[in-house]
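At position 53 of the sequence shown (counting the first as 1) the number is 52 in numbering that gives the first Met the number 0, and the numbers step up by one without a gap.
In this text, a Cβ means the ideal position worked out from N, Cα and C, and glycines have one as well.
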Amino acid sequence: MEATDIWGEIERSESYLVCSMYEEAESLSSSILKRIFGNIDVLSDEASQGDHQFHDMLESAGMVLVQSLHGIGRTVEIVNELRDVFGEVAAIPVQVLLTGVCLQISNGSYLGVRDILEEFFRIWVYKDNHYILNDAGVSTKGFHAKNCLDIDEYMEVVELYTFGVLAKFSNDMGLAISWVEKAALPEERRQGILRRLHSLLSLKTASSFEENSKDSSYAVVNNKKSLGNEKNDEIDSFLKLSKQHEPWSLWSSHPLSLKVGNTQFSMSRGKVAVSLVGLIICYALKRKRAALIRIIRRQMESTRKAIVDFWKLAFSYQVNPLAAIQSIPSTTT
């Protein structure tokens with residue numbers, strides 16, 4: 000029971016993968032695939048469901064292979080490993096191809112990706128609303144794989160190629176649009192992809208225009224800054240020259256020197272100015288002092304005189320001490 004044994008091995012490789020035993024899973028899945036391709040005729044005769052079960056074996060073992068390669072850090076080798084193990088691109092199940100390519104692209108590696116996808120498109124032909132293998136380009140090994148694809152499976156590969164490789168990696172939206180327009184695709188699906196590509200192109204164009212506008216704005220600002228700096232330099236130079244030709248000022252920071260005999264005194268002009276102002280104020284106050292004293296004396300004298308007059312007036316008023324007990328004389332009628 001060759002098929003039963005292979006399924007048991009596939010389940011064991013899946014267990015390794017679940018347990019994160021990636022090296023064991025990779026080794027066993029690769030061995031299973033080689034064993035399958037070494038016994039194609041026997042498996043085709045023993046499989047109760049024919050090629051359908053054969054395809055399921057390839058798909059299950061292939062999924063373990065690509066995920067285990069990713070787990071052990073060999074993601075960049077996935078496409079090349081698929082070619083080596085399966086031999087023919089036609090023999091690689093679509094889901095295995097998609098998963099492997101996506102894992103490799105997500106790791107930032109496009110090594111062999113474009114070549115394997117373009118070879119995939121060459122061997123599948125659109126006919127009667129589905130895709131079939133082009134027998135002229137497929138060997139006996141590939142012919143035993145699934146030889147018919149529905150539209151949804153094929154379109155998944157188309158979208159990965161147009162958006163993930165041409166539009167993103169090659170950064171050529173025009174090439175992606177041109178390829179879709181010429182590819183053998185159902186018209187409704189073609190128009191859907193073209194609309195998405197044109198939308199992306201519009202967004203990219205708008206983004207580029209915005210970046211160019213920002214660059215232009217930055218250039219204008221930088222030019223203005225440079226002009227401003229030049230003007231500031233000119234102003235600084237002018238100020239320096241004006242300081243050099245500045246007339247003598249009492250408030251200047253340069254010190255004044257005075258030599259008396261063998262002794263030399265040095266004092267800043269600011270201190271000299273403050274001292275002169277102080278002397279002027281003292282002189283003015285001294286001259287005003289006598290006048291101020293006279294004014295104050297006159298005011299004090301007038302105040303004292305007013306107080307004395309008030310008291311004299313108060314005590315000069317005669318009061319009769321018997322007025323309180325004398326009766327008021329009555330009038331006669």
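Determine, using beta carbons only, whether residue 78 and residue 99 come nearer to each other than 8 Å.
Along the sequence shown, read from residue 1 onward, the residue named residue 78 stands at position 79. Along the sequence shown, read from residue 1 onward, the residue named residue 99 stands at position 100. Cβ atoms of residue 78 and residue 99: closer than 8 Å.
Assess contact between the region 78-96 and the region 61-68, defined as three or more Cβ pairs (one per stretch) separated by less than 8 Å. Is contact present?
yes
My understanding is that residue 115 touches residue 161, with C-beta atoms under 8 Å, so please give their C-beta distance in whole angstroms.
Counting from one through the sequence shown, the residue named residue 115 turns up at place 116. Counting from one through the sequence shown, the residue named residue 161 turns up at place 162. So it is not a contact: roughly 15 Å between Cβ atoms.
How many angstroms separate the CA atom of residue 89 from the CA atom of residue 204?
Mapped onto the sequence shown, residue 89 falls at position 90. Mapped onto the sequence shown, residue 204 falls at position 205. C-alpha separation (whole angstroms): 38 Å.
Identify the continuous beta strand (DSSP E) that holds residue 131 and give its terminal residues.
Locating residue 131 in the sequence shown gives position 132, counting from the first residue. 129-132 is the extent of the beta strand (DSSP E) around residue 131.
Do residue 333 and residue 97 have their CB atoms nearer than 8 Å?
Outside the modelled stretch of the chain, which goes from 0 to 332, sits residue 333, for which no answer is possible.
Between the alpha carbons of residue 139 and residue 18, how many angstroms are there, rounded?
In the sequence shown, residue 139 corresponds to position 140, counting from 1. In the sequence shown, residue 18 corresponds to position 19, counting from 1. Here the model assigns residue 139 a pLDDT of 46, short of 50, so the residue's position is not dependable, and the following value carries that caveat. The straight-line gap from Cα to Cα measures roughly 36 Å.
Check for me: the alpha helix (DSSP H) holding residue 95 runs from which residue to which?
As a first step, residue 95 is located in the sequence shown; it is residue number 96 there, counting from the start. Note, residue 95: alpha helix (DSSP H), 93-105.
If you draw a straight line from the C-alpha of residue 177 to the C-alpha of residue 124, how long is it?
On the sequence shown, position 178 is the one that residue 177 refers to. On the sequence shown, position 125 is the one that residue 124 refers to. Computed Cα separation, rounded: 19 Å.
Taking the Cβ atom as the reference point for each residue, do residue 93 and residue 103 lie within a distance shorter than 8 Å?
Position 94 of the sequence shown, counted from the start, is the residue given in the question as residue 93. Position 104 of the sequence shown, counted from the start, is the residue given in the question as residue 103. Taking 8 Å as the Cβ cut-off, residue 93 and residue 103 do not qualify as a contacting pair.
Name the residue from 27, 85, 6 and 182 whose alpha carbon lies nearest to the alpha carbon of residue 15.
In the sequence shown, residue 15 corresponds to position 16, counting from 1. Ranking 27, 85, 6 and 182 by Cα distance to residue 15 puts 27 first.
Do the CB positions of residue 31 and residue 8 come within less than 8 Å of each other?
In the sequence shown, residue 31 corresponds to position 32, counting from 1. In the sequence shown, residue 8 corresponds to position 9, counting from 1. For residue 31 and residue 8, yes; Cβs fall inside 8 Å.
Expressed to the nearest angstrom, what Euclidean distance is found between the alpha-carbon atoms of residue 157 and residue 56?
Start at 1 with the first residue of the sequence shown, and residue 157 comes out as number 158. Start at 1 with the first residue of the sequence shown, and residue 56 comes out as number 57. Going from the Cα of residue 157 to the Cα of residue 56 covers about 25 Å.
Taking the beta strand (DSSP E) that residue 124 falls in, what are its first and last residues?
To locate residue 124, count along the sequence shown from 1; it is residue 125. Segment 123-126, the beta strand (DSSP E) holding residue 124.
On the CB-based measure, 16 or more other CB atoms within 10 Å of its CB, does residue 69 come out buried or exposed?
Here residue 69 corresponds to residue number 70 of the sequence shown, with the count starting at 1. With 16 or more Cβ atoms within 10 Å of its Cβ, residue 69 is classed as buried.
Excluding five sequence neighbours on each side, which residues of the same chain lie with their C-beta closer than 6 Å to the C-beta of residue 101?
As a first step, residue 101 must be located in the sequence shown, where it is residue number 102. Same-chain partners within the cutoff: there are none.
Considering just the uninterrupted stretch of the alpha helix (DSSP H) at residue 171, what are its terminal residues?
Along the sequence shown, read from residue 1 onward, the residue named residue 171 stands at position 172. Per DSSP, residue 171 belongs to no alpha helix (DSSP H) and is neither H nor E.
Give me, in chain order, the residues of the same chain whose beta-carbon lies closer than 8 Å to that of residue 166; leave out the 5 immediate sequence neighbours on both sides.
Residue mapping note: residue 166 aligns to position 167 of the sequence shown, counting from 1. Once the five neighbours on either side are set aside, the close Cβ partners of residue 166 are 172, 175, 196 and 199.
Nearest to residue 105 by CA position, among 25, 189 and 164, is which residue?
If you number the sequence shown from 1, residue 105 lands on position 106. Selected option, being the one with the closest Cα: 164.
Helix, strand or coil: how does DSSP classify residue 165 here?
Walking along the sequence shown from the start, residue 165 turns up at place 166. Helix.
Within the same chain, show all residues whose beta-carbon is closer than 8 Å to that of residue 33, passing over the 5 residues directly before and after it, in chain order.
Position 34 of the sequence shown, counting from 1, holds the residue named residue 33. Excluding positions up to five away in sequence, the list reads 84.
May I ask you to report which of helix, strand or coil DSSP gives residue 184?
On the sequence shown, residue 184 is found 185 positions in, with the first residue counted as 1. Of the three classes helix, strand and coil, the one that applies to residue 184 here is coil, per DSSP.
Taking residue 159 as the reference, give the member of 120, 87 and 301 with the closest Cα.
Here the question's residue 159 lines up with position 160 in the sequence shown. With distances taken between Cα atoms, residue 159 lies closest to 120.
Quick check on the DSSP output: the alpha helix (DSSP H) that includes residue 34 runs from which residue to which?
Here residue 34 refers to the residue found at position 35 of the sequence shown. Where residue 34 is concerned, the enclosing alpha helix (DSSP H) stretches over 21-37.
From 37, 179 and 151, pick the residue whose C-alpha is nearest to that of residue 117; which is it?
On the sequence shown, residue 117 is found 118 positions in, with the first residue counted as 1. Closest by alpha carbon: 179.
Let me know the secondary structure DSSP gives residue 278 once reduced to three states.
On the sequence shown, position 279 is the one that residue 278 refers to. Residue 278 falls in the helix class under three-state DSSP.
Would you kindly check if the distance between the Cβ of residue 110 and the Cβ of residue 130 is under 8 Å?
Against the sequence shown, residue 130 aligns to sequence position 131. Against the sequence shown, residue 110 aligns to sequence position 111. Against a cut-off of 8 Å, the Cβ pair of residue 110 and residue 130 comes out as no contact.
Would a C-beta distance cut-off of 8 Å place residue 1 and residue 67 closer than the cut-off?
As a working mapping, residue 1 is identified with position 2 in the sequence shown. As a working mapping, residue 67 is identified with position 68 in the sequence shown. No, they are not a contact pair.
Since residue 71 and residue 22 are thought to touch, with beta carbons under 8 Å apart, how far apart are those beta carbons, to the nearest angstrom?
Position 72 of the sequence shown, counted from the start, is the residue given in the question as residue 71. Position 23 of the sequence shown, counted from the start, is the residue given in the question as residue 22. Yes, residue 71 and residue 22 are in contact; Cβ-Cβ is about 6 Å, under 8 Å.
In terms of alpha-carbon separation, which member of 95, 11, 169 and 12 lies closest to residue 152?
Residue 152 sits at position 153 when you count from the first residue of the sequence shown. Residue 152 has its Cα closest to that of 95, out of 95, 11, 169 and 12.
Does the distance from the CB of residue 122 to the CB of residue 133 come in under 8 Å?
For the purposes of this step, residue 122 is identified with residue 123 of the sequence shown, where counting begins at 1. For the purposes of this step, residue 133 is identified with residue 134 of the sequence shown, where counting begins at 1. Result yes, Cβ atoms of residue 122 and residue 133 sit closer than 8 Å.
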